[in-house]
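Trainee: The first sequence begins at 2 in the working numbering and counts up one residue at a time. Positions of the beta carbon are idealized from the N, C-alpha and C atoms, including for glycine. Computed from a predicted structure; not experimentally measured.
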Amino acid sequence: MGKKEHLSTDPYKGVRDFFPEDQAFFNYFISTVREVSERFGYLEYHASVLEPAELYKSKGAENEELVHDQTYTFVDRGGREVTLRPEMTPTVARMVAARRREVGYPLRWFSIPNLFRYERSQRGRLREHWQLNVDLFGSNSRNADAEIISVAHAVLVAFGAQESDFVLKLGSRNFLDSITRELNLDEDTGKKLRGLLDRRAKMPAADFERDIKDIGVALEMLSPDKIPADVAEVLTILKDLGINNAEFDPSIVRGFDYYTGVVFEAFDTNPENNRALLGGGRYDNLTSLFSDEPVVGVGFAMGDVTIRDFLEVRGLLPEYIPTTKVYVAIADQALASEAMKLAGMLREHNVSVAVDFGEKKLGDQIKTAAKHKIPYLIVVGSDEIASGEFRVKDLNSGEEKKLVRADLATFFSTL
RNA sequence: GCGGCUAUGGUGUAACGGUUAACACUGGAGCUUGUGGAGCUCUCGAUCAGGGUUCGAUUCCCUGUAGCCGCCCCA
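Rendered as structure tokens:
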């Protein structure tokens, strides 16, 4: 036997391989979110996955865990500490701050970066994922908050979701602060309250009520009927825009410290999938890391893995169709050059064509085309070369039609 | 960082502690020199690693490793 130790074919822990079917979905994800973002007048930017580690360290003690335990951080050959970005917001804040005097506001930017986090993976949470980030800078208007939420809404609709499939839940950091002030809670207790609210959906109602009483907050203060003024304003604008599945939810608080105003998350209305599909909110102080001239912002982010899970559950995943439209099979290896010439002619008309070199029998060549889910087949044989007439087979229906050379290009380029 | 579950060909599954580890898909060869995607025949290919219990371990126990799922945290 002489068994040799081989390398594993698994990808690195927590990251994915994108096989062509996966890449096809990914391309669909990218093109859909890009189209929607651009439709709202947002411009695409991009940045390196490498950032100086200080960018994440400077955000305060609360983020120690994120920086020390949940990032890929290493020292480069020049002794610099480098981090694979775990989120995009500090990067975009850095870029905006760098050109804060010249960019012009309101500024609308979006990006589709990959992000890394060093943590144990679980369903819907991997060590690398891709995320749409949409941000609007330089406006304090409630209309800006509403616009960002409506972009999020439009993205989900563009993927085929109905308003009944998801709900937009809005909360408010101002509201949270007002409770803290009213009850005179210290900073620690305020944080505890925020954490409890964040976890509310995941814990039994009785536990939540007990814990909330323990820190001295009456349950009535968190009633969904007591809509804070900022949330109410945004909800009114959204309604005017024709968005009817948004509501106030006092337990929407978002985990990050940098949020300052209205925050929101979208949820699948199917209670079995209670993970947030996307989330965001207003953050008014982020660029202050880079300058004393702060730039206000509001934005949201949506991951490719969570949206894929959502679309799968809802039956909204598009069927896989390869980009290759035509497969040319040959009856005899000697005809390979003829087949390649025919393919070349079709390519000049922007038809995607793959050619078989005839190393297997014709039947097996067709199997290959079918296996690759290529929709059309042309067989090249000496008869066809002589007559100039080719049989085009639709591999989905099994139907065949005869076309002369010139008509082939016309036929395929209309697909 | 903490906890639960799982580990058999490339994939998905099967095997009361007892012959040669079974079945399906996939791959390869053929039936079959140009209408074939099917079918049939043949074939390649596996018990995660180490230790223990036992006459005998894929099966039971321990350790390790890996994966999945939760928790923590949340981008």
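From which residue to which residue does the alpha helix (DSSP H) around Q24 run?
Mentor: From DSSP, the alpha helix (DSSP H) with Q24 extends over 21-40.
Trainee: Could you tell me which of Y29, R406, S9, K193 sits nearest to R348, measuring between CA atoms?
Mentor: When each option's Cα is compared against that of R348, the closest is R406.
Trainee: Suppose only complete runs of 3+ residues qualify. What are the beta strand (DSSP E) ranges in the stretch 284-361, listed by chain order?
Mentor: The qualifying runs are 298-304, 327-331, 354-356.
Trainee: Ignoring anything shorter than 3 residues or poking outside the stretch 162-225, list the beta strand (DSSP E) runs there in chain order.
Mentor: Counting whole runs of 3 or more residues, the stretch 162-225 contains the beta strand (DSSP E) stretches 167-173.
Trainee: Report yes or no: do three or more beta-carbon pairs, one from the stretch 369-386 and one from the stretch 324-331, lie closer than 8 Å?
Mentor: Flag = yes, the stretch 369-386 and the stretch 324-331 touch.
Trainee: Alpha carbon to alpha carbon, how far is S338 from Q123? Give it in angstroms, no decimals.
Mentor: Approximately 51 Å, taken between the alpha carbons.
Trainee: State the Cα-Cα distance for the pair V93 and Q334, rounded to the nearest angstrom.
Mentor: Those two C-alpha atoms are separated by around 56 Å.
Trainee: Within a Cβ cutoff of 6 Å, which residues of the same chain sit near L56, ignoring the five residues on either side of it in sequence?
Mentor: Around L56: P91.
Trainee: Closest by CA to T181, which one among R195, E120, R40?
Mentor: That would be R195, whose Cα lies nearest to the Cα of T181.
Trainee: Assuming A247 is part of the alpha helix (DSSP H), what are its boundary residues?
Mentor: Per DSSP, A247 belongs to no alpha helix (DSSP H); it is in the beta strand (DSSP E), 247-249.
Trainee: Compute the distance between the beta-carbons of P433 and Y29, then report whether it is under 8 Å.
Mentor: For residue 433 there is no data in the structure shown, the boundaries of the chain being 2 and 416.
Trainee: Roughly how many angstroms lie between the CA atoms of A233 and Y377, to the nearest whole one?
Mentor: Taking the straight line from one Cα to the other gives about 55 Å.
Trainee: Use the C-beta contact count for T297: other C-beta atoms within 10 angstroms, 16 or more gives buried, fewer gives exposed.
Mentor: A small correction: the amino acid at residue 297 is Val; Thr does not occupy that position in the sequence shown. Buried is the call here.
Trainee: Here's the rule: buried if 16 or more other CB atoms are within 10 angstroms of the residue's CB, otherwise exposed. What is R128?
Mentor: Classification for R128: buried.
Trainee: Between H350 and S414, is the Cβ-Cβ spacing less than 8 Å?
Mentor: A contact, by the Cβ cut-off of 8 Å.
Trainee: First and last residue of the alpha helix (DSSP H) that includes Q71?
Mentor: That residue, Q71, is in no alpha helix (DSSP H); it is neither H nor E in DSSP.
Trainee: Going by the CB atoms, is the gap between L169 and A267 shorter than 8 Å?
Mentor: Yes, these two residues count as a Cβ contact at 8 Å.
Trainee: In whole angstroms, what separates the C-alpha of L44 from that of R102?
Mentor: About 18 Å.
Trainee: Going by DSSP in three states, R126 sits in which element: helix, strand or coil?
Mentor: Residue state, collapsed to three classes: strand.
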